[in-house]
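Colleague: Below you'll find the structure I mean.
There are 2 protein chains.
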Amino acid sequence: MKMRGFSASATAAGVRKKDRLDLGLIYSDVPAVTAGVFTTNLVKAAPLIIDMERLKQGVSQAILVNSGCANACGGQAGRKAALKTGALAAKALKIPENLVQLASTGVIGEPLNVAAFEKAMPELVASLSPDGFAAVAQAMMTTDTRPKMVERSIDVGGATVNFLGLAKGSGMIMPNMATMLAFVVTDARIGFPELHRALTAGVSHTFNRITVDGDSSTNDMVLVMANGLAKNPWIDDQTPNHLAAFEAALTAVLRDLALMIVADGEGASKFITIRVSGAKEADDAHRIARTVANSNLVKTAFFGEDANWGRILAAMGRSGVRFDPEQVDSAFNGVTLVKNGLAVGGDAEKSASQALREKEITVDITLPDGKANDEVYTCDLSIDYVKINADYRS
Amino acid sequence: MKMRGFSASATAAGVRKKDRLDLGLIYSDVPAVTAGVFTTNLVKAAPLIIDMERLKQGVSQAILVNSGCANACGGQAGRKAALKTGALAAKALKIPENLVQLASTGVIGEPLNVAAFEKAMPELVASLSPDGFAAVAQAMMTTDTRPKMVERSIDVGGATVNFLGLAKGSGMIMPNMATMLAFVVTDARIGFPELHRALTAGVSHTFNRITVDGDSSTNDMVLVMANGLAKNPWIDDQTPNHLAAFEAALTAVLRDLALMIVADGEGASKFITIRVSGAKEADDAHRIARTVANSNLVKTAFFGEDANWGRILAAMGRSGVRFDPEQVDSAFNGVTLVKNGLAVGGDAEKSASQALREKEITVDITLPDGKANDEVYTCDLSIDYVKINADYRS
């Protein structure tokens with residue numbers, strides 16, 4: 032891939048701990064059209080509030096991201112600290128302050144170590160390179176066990192348009208606090224309205240399918256920067272084919288990143304797809320899938336490789352959706368366990384338990400009420416999830 | 032305590048496993064005014080549907096309860112099985128079938144072993160005794176580690192009125208599936224409207240404070256039987272003092288049982304009270320308390336004895352309640368950790384971590400928005416919770 036005009040770098044700044052990559056920088060040679068979506072949590076970390084203000088202009092040139100500290104719940108001091116780190120980056124990059132986007136992840140309520148940023152900034156800027164993105168993906172990690180990076184290219188009117196995406200996310204079991212950061216850079220030439228629309232639509236089919244309405248961290252964000260250096264024909268409503276290709280590629284990048292987050296969920300041993308079909312309304316399908324995907328009892332059963340379909344029906348029953356329990360079918364990895372709300376019996380449960388030994392499990396829930404479908408992605412709830420979250424700060 | 036006119040018994044019927052008490056019977060010498068509240072889950076177990084129909088008459092004379100099988104998601108066969116067990120009890124007790132209330136707890140989706148009921152019924156009825164309640168409390172247990180029983184007496188117009196309550200509940204971490212059963216018998220003389228009102232009000236301040244709206248099992252129920260044999264003056268709106276005393280006593284019994292369930296939560300090592308004060312509306316206080324109490328990340332932090340107040344603020348932020356994060360105070364067992372949304376610093380966190388080594392923890396969350404208060408009771412999320420629920424059926 033030959034991405035044009037973006038570079039990146041990372042360093043071990045010592046934001047909270049020594050000797051691990053914890054500060055990353057992404058830079059575009061020219062100001063880039065930038066769209067973002069941010070947590071709906073009422074309690075927003077300082078960097079997000081600044082970013083949301085700055086993105087009203089729809090343009091940015093750099094993203095500065097740190098792990099080790101969320102810079103949330105720090106009041107005016109937290110805001111000042113965030114502004115200061117942005118100013119340091121702007122000065123070193125020789126760009127206006129308001130073109131710097133800020134992102135933090137880590138412990139809530141601790142002050143940001145601005146001195147660490149100050150000391151690291153010269154080297155961070157000096158080492159910017161087109162090959163620096165993998166290091167940024169590492170610097171963003173908290174309880175992630177592996178960095179998450181995706182590349183993709185498409186043709187737009189004869190020009191190659193490239194995408195590179197980075198994400199961090201430490202768990203989807205309780206996604207509200209497992210801060211999720213994702214950054215996508217593309218050399219596509221596209222206007223802000225189209226970029227924003229593509230991002231919003233893409234997120235709704237990807238990151239919003241691994242998260243729950245309102246279950247959002249103080250720091251969650253997805254940013255996409257498009258610097259136009261691919262010099263493709265403008266992507267807009269006049270070129271519906273180009274727009275569709277761009278949206279599909281962006282959504283694919285977001286989906287890959289989202290699924291990587293689930294697969295690396297805190298303590299996860301299984302990747303689980305809850306697929307609902309035949310619901311009356313799209314929202315019904317989503318609510319059922321989401322309620323089942325978030326049930327601790329369903330998740331612990333998967334960890335135990337127990338084909339406990341009763342817990343799935345019970346979770347459905349408290350989803351708030353009206354349905355007839357005696358018309359529900361359900362299958363685990365294609366093995367039908369429940370037909371018209373009743374256990375099919377025979378060897379089905381044994382076969383289903385076999386299926387649950389797989390790493391990837393798809394639960395199909397079929398209703399006879401309509402044509403609406405949805406999928407939600409999750410993972411199991413394991414002993415390691417509890418260990419990780421009981422020990423997170425130690 | 033000299034409870035009049037109630038007896039009970041339990042036996043090891045072999046409903047699912049051998050040699051453990053799993054079938055219990057409660058009997059009143061005379062038909063008793065009976066009120067009940069039942070799960071709001073759309074998927075209701077067969078015995079509940081039958082009970083709800085029968086309780087339209089507001090009277091019953093016996094409760095037959097089993098563990099080992101929830102008799103949920105069993106369709107018409109499940110309903111027939113439940114009716115058959117009720118008929119067996121009615122015949123042996125020589126009372127009409129529709130005076131028998133049925134309750135089941137255990138695995139969902141497996142058929143009820145009616146033969147075990149049939150075989151056990153003669154002995155179960157023959158061994159009814161005023162001292163049999165403790166055995167019933169044992170027979171109701173699933174993953175409970177101890178039986179739950181409460182006694183209480185009050186004076187009503189010169190007559191002693193007695194209450195005896197039993198409950199089972201295996202976990203409040205995800206209360207929706209940890210079936211909660213509670214039965215209270217009293218020899219009070221009281222009419223159905225007053226009894227029903229007292230039960231509903233009492234439950235809203237007790238069991239509904241350890242559970243979440245809509246988070247209910249297929250089998251949850253609370254029943255209260257009042258047989259009138261205390262011969263107290265009628266408790267009704269003409270005697271507001273008596274009514275208040277009755278309501279207070281019933282609520283106290285329900286609260287004791289509810290708190291016993293939390294304290295015996297699956298894998299619980301801590302009993303946690305989330306207390307919100309100064310909210311604008313009662314519903315705001317409840318939603319904040321409930322959201323914090325249900326956060327897996329808050330619960331795992333308590334298991335880890337980590338004074339991670341940032342997770343509490345973040346959970347508050349996704350509760351849907353509007354508040355100013357920079358006006359929140361919070362204390363753990365009286366140690367103020369957060370003042371105006373900021374860490375107080377100094378030794379506070381160390382003192383709070385000390386406080387978290389206690390078995391009972393009260394988290395105070397104080398807002399400046401009004402006079403509404405609420406409390407929700409919960410427990411920590413431990414490694415044992417996962418173990419118990421991954422292995423529940425094995």
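Line by line, the protein sequences give chains A and B. Residue numbering for the first sequence follows the numbering used here, beginning at 32 and increasing consecutively. Residue numbering for the second sequence follows the numbering used here, beginning at 32 and increasing consecutively. Every residue gets a Cβ at the ideal spot worked out from N, C-alpha and C, and that includes glycine.
So which residues on chain A does Asp422/B lean against when the C-beta distance must stay under 7 Å?
Modeller: Numbered from its first residue, the second sequence carries residue 422/B at position 391. What Asp422/B touches in chain A: Gly335.
Colleague: For Gly117/A and Val131/A, which I take to be in contact (beta-carbon distance under 8 Å), what is that distance rounded to the nearest angstrom?
Modeller: Reading the first sequence from its first residue, position 86 is the one you call residue 117/A. Reading the first sequence from its first residue, position 100 is the one you call residue 131/A. Rounded, the Cβ-Cβ distance is 4 Å, consistent with contact.
Colleague: For Ala421/B, which option in Ala338/A, Lys418/A, Lys115/A has the closest C-alpha, if you only look at C-alpha atoms?
Modeller: Numbered from 1 along the second sequence, position 390 holds the residue referred to as residue 421/B. Measuring C-alpha to C-alpha distances from Ala421/B to each of Ala338/A, Lys418/A, Lys115/A identifies Ala338/A as the nearest.
Colleague: Work out the CA separation of Thr282/B and His236/B for me, nearest whole Å.
Modeller: Taking the second sequence and counting its residues from 1, the one referred to as residue 236/B is at position 205. Taking the second sequence and counting its residues from 1, the one referred to as residue 282/B is at position 251. Distance between the alpha carbons of His236/B and Thr282/B is about 8 Å.
Colleague: With a CB to CB cut of under 6 Å and the five nearest residues on each side skipped, what residues in its chain are close to Asp287/A?
Modeller: Position 256 of the first sequence, counted from the start, is the residue given in the question as residue 287/A. Excluding sequence neighbours, Asp287/A sits near Val181.
Colleague: Return helix, strand or coil for Gly189/A, following the three-state DSSP convention.
Modeller: Within the first sequence, numbered from 1, the residue matching residue 189/A stands at position 158. Gly189/A falls in the coil class under three-state DSSP.
Colleague: Using 10 angstroms around the beta-carbon of Pro264/A, count the other beta-carbons present and answer buried if the total reaches 16, otherwise exposed.
Modeller: The residue you call residue 264/A lines up with position 233 of the first sequence. Exposed, since its Cβ has fewer than 16 Cβ neighbours within 10 Å.
Colleague: Here's the rule I'm using: 16 or more other beta-carbon atoms within 10 Å means buried, otherwise exposed. How should Lys125/B be labelled?
Modeller: One-based indexing of the second sequence puts residue 125/B at position 94. The residue in question, Lys125/B, is exposed, as its Cβ has fewer than 16 Cβ neighbours within 10 Å.
Colleague: With contact counted as at least three CB pairs below 8 Å, one residue from each stretch, are the region 398 to 415 of chain B and the region 295 to 314 of chain B in contact?
Modeller: yes
Colleague: If we ignore side chains and look at the alpha-carbon of each, how far apart do Ile94/B and Ile185/B end up?
Modeller: Within the second sequence, numbered from 1, the residue matching residue 94/B stands at position 63. Within the second sequence, numbered from 1, the residue matching residue 185/B stands at position 154. Ile94/B and Ile185/B have their C-alpha atoms spaced approximately 24 Å apart.
Colleague: For the candidate residues Gly376/B, Ser350/B, Asp405/B, Cys100/B, whose alpha-carbon lies nearest to that of Arg306/B?
Modeller: Here residue 306/B refers to the residue found at position 275 of the second sequence. Here the closest residue by C-alpha is Asp405/B.
Colleague: Under the three-state reduction of DSSP, which class applies to Ile80/B: helix, strand or coil?
Modeller: Looking up residue 80/B in the second sequence gives position 49. Collapsing the DSSP output to three states places Ile80/B in a helix.
Colleague: Do the region 47 to 54 of chain A and the region 221 to 228 of chain A meet, that is, are 3 or more Cβ pairs less than 8 Å apart?
Modeller: no
Colleague: Name, please, each residue of chain A whose Cβ falls closer than 9 Å to the Cβ of Val293/B.
Modeller: Sequence index remark: in the second sequence, residue 293/B carries index 262 (1-based). Under the 9 Å cutoff, chain A gives no residues; its nearest Cβ is about 16 Å from Val293/B.
Colleague: Just to confirm, are Ile81/A and Leu133/A a CB contact at a threshold of 8 Å?
Modeller: Numbered from 1 along the first sequence, position 50 holds the residue referred to as residue 81/A. Numbered from 1 along the first sequence, position 102 holds the residue referred to as residue 133/A. Yes. Within cutoff.
Colleague: I think Ala190/A touches Ala261/A, with their Cβ atoms under 8 Å apart; what is that distance to the nearest whole Å?
Modeller: Residue mapping note: residue 190/A aligns to position 159 of the first sequence, counting from 1. Residue mapping note: residue 261/A aligns to position 230 of the first sequence, counting from 1. About 5 Å separates the two Cβ atoms, so the contact holds.
Colleague: Residues in its own chain within less than 6 Å of Gln92/B by CB, not counting five upstream and five downstream?
Modeller: Indexing the second sequence from 1 puts residue 92/B at position 61. Cβ neighbours of Gln92/B beyond the five flanking positions: Ser59, Pro62, Ile126, Leu130.
Colleague: Run through DSSP, which three-state label would Pro62/B get?
Modeller: Residue 62/B sits at position 31 when you count from the first residue of the second sequence. Reduced to three states, the DSSP call for Pro62/B is strand.
Colleague: For the structure I just gave you, are there three or more beta carbon pairs, one from the region 73 to 89 of chain A and one from the region 97 to 114 of chain A, closer than 8 Å?
Modeller: yes
Colleague: List the DSSP bridge partners of Arg183/A.
Modeller: The residue labelled residue 183/A in the question sits at position 152 within the first sequence. According to DSSP, Arg183/A bridges with Phe194/A.
Colleague: Taking only the alpha-carbon atoms, compute the straight-line gap between Ile392/B and Ala332/A and give it to the nearest angstrom.
Modeller: For the purposes of this step, residue 392/B is identified with residue 361 of the second sequence, where counting begins at 1. For the purposes of this step, residue 332/A is identified with residue 301 of the first sequence, where counting begins at 1. If you take the alpha carbons of Ile392/B and Ala332/A, they lie about 29 Å apart.
Colleague: With 8 Å as the threshold, decide whether the Cβ of Arg228/A is near any Cβ in chain B.
Modeller: Working through the first sequence from its first residue, we reach residue 228/A at position 197. No, Arg228/A lies away from the interface with chain B (no Cβ there is under 8 Å from its Cβ).
Colleague: Closer than 7 Å by beta-carbon distance: list the chain B residues that pair up with Thr249/A, in chain order.
Modeller: By one-based count along the first sequence, residue 249/A stands at place 218. Residues of chain B passing the Cβ test: Ala345, Gly348.
Colleague: Using C-beta distances below 7 Å, list every residue in its chain close to Ala76/B, excluding the 5 sequence neighbours before and after it, in chain order.
Modeller: As a first step, residue 76/B must be located in the second sequence, where it is residue number 45. The answer, listed in chain order, is Ala101, Asn102, Ala103, Ser135, Thr249, Asn250.
Colleague: Is it true that the region 320 to 332 of chain B meets the region 347 to 359 of chain B, where meeting means three or more beta-carbon pairs spaced less than 8 Å apart?
Modeller: yes
Colleague: Fully enclosed by the region 101 to 182 of chain A, which alpha helix (DSSP H) runs are 4 residues long or longer?
Modeller: Whole alpha helix (DSSP H) segments, 4+ residues: 106 to 124, 145 to 157, 164 to 170.
Colleague: Report, in whole angstroms, the separation of the C-beta atoms of Lys390/B and Ile292/B, which I expect to be a contact under 8 Å.
Modeller: Locating residue 390/B in the second sequence gives position 359, where the first residue counts as 1. Locating residue 292/B in the second sequence gives position 261, where the first residue counts as 1. Going by Cβ atoms, the distance from Lys390/B to Ile292/B rounds to 16 Å, so no, they are not a contact pair.
Colleague: Output the distance between the C-alpha atoms of Leu73/B and Asp162/B, rounded to the nearest integer angstrom.
Modeller: Translated into the one-based positions of the second sequence, residue 73/B becomes position 42. Translated into the one-based positions of the second sequence, residue 162/B becomes position 131. Cα to Cα, the separation comes out at about 37 Å.
Colleague: If you draw a straight line from the C-alpha of His273/B to the C-alpha of Val284/B, how long is it?
Modeller: Along the second sequence, read from residue 1 onward, the residue named residue 273/B stands at position 242. Along the second sequence, read from residue 1 onward, the residue named residue 284/B stands at position 253. The alpha-carbon atoms of His273/B and Val284/B are separated by roughly 17 Å.
Colleague: Alpha carbons only, please: which of Leu212/B, Asp218/B, Ile221/B is nearest the one belonging to Val234/B?
Modeller: Numbered from its first residue, the second sequence carries residue 234/B at position 203. For the set Leu212/B, Asp218/B, Ile221/B, the Cα lying nearest the Cα of Val234/B is the one of Leu212/B.
Colleague: Taking the alpha-carbon of Ala383/A as reference, which of Val366/A, Asn193/A, Ser38/A, Ala219/A has the nearest alpha-carbon?
Modeller: Your numbering for residue 383/A matches position 352 in the first sequence. Among Val366/A, Asn193/A, Ser38/A, Ala219/A, the Cα nearest to that of Ala383/A is on Val366/A.
Colleague: Using only the alpha-carbon positions, how far apart do Asp50/A and Thr42/A sit?
Modeller: One-based indexing of the first sequence puts residue 50/A at position 19. One-based indexing of the first sequence puts residue 42/A at position 11. So the alpha carbons of these two residues sit roughly 9 Å apart.
Colleague: Identify whether Ser384/B lies in helix, strand or coil by the three-state DSSP scheme.
Modeller: In the second sequence, residue 384/B corresponds to position 353, counting from 1. Residue state, collapsed to three classes: helix.
Colleague: For Glu278/B, which residues of its own chain have a beta-carbon under 6 Å away from its beta-carbon, when the five flanking residues on both sides are left out?
Modeller: Looking up residue 278/B in the second sequence gives position 247. The residues are Ala229.
Colleague: Could you check where the alpha helix (DSSP H) with Glu406/A kicks off and where it finishes?
Modeller: Walking along the first sequence from the start, residue 406/A turns up at place 375. Not the alpha helix (DSSP H): Glu406/A falls in the beta strand (DSSP E), residues 403 to 410.
Colleague: Determine which residues of the region 387 to 414 of chain A have a Cβ less than 7 Å from any Cβ of chain B, and write them out in chain order.
Modeller: Leu412, Ser413, Ile414
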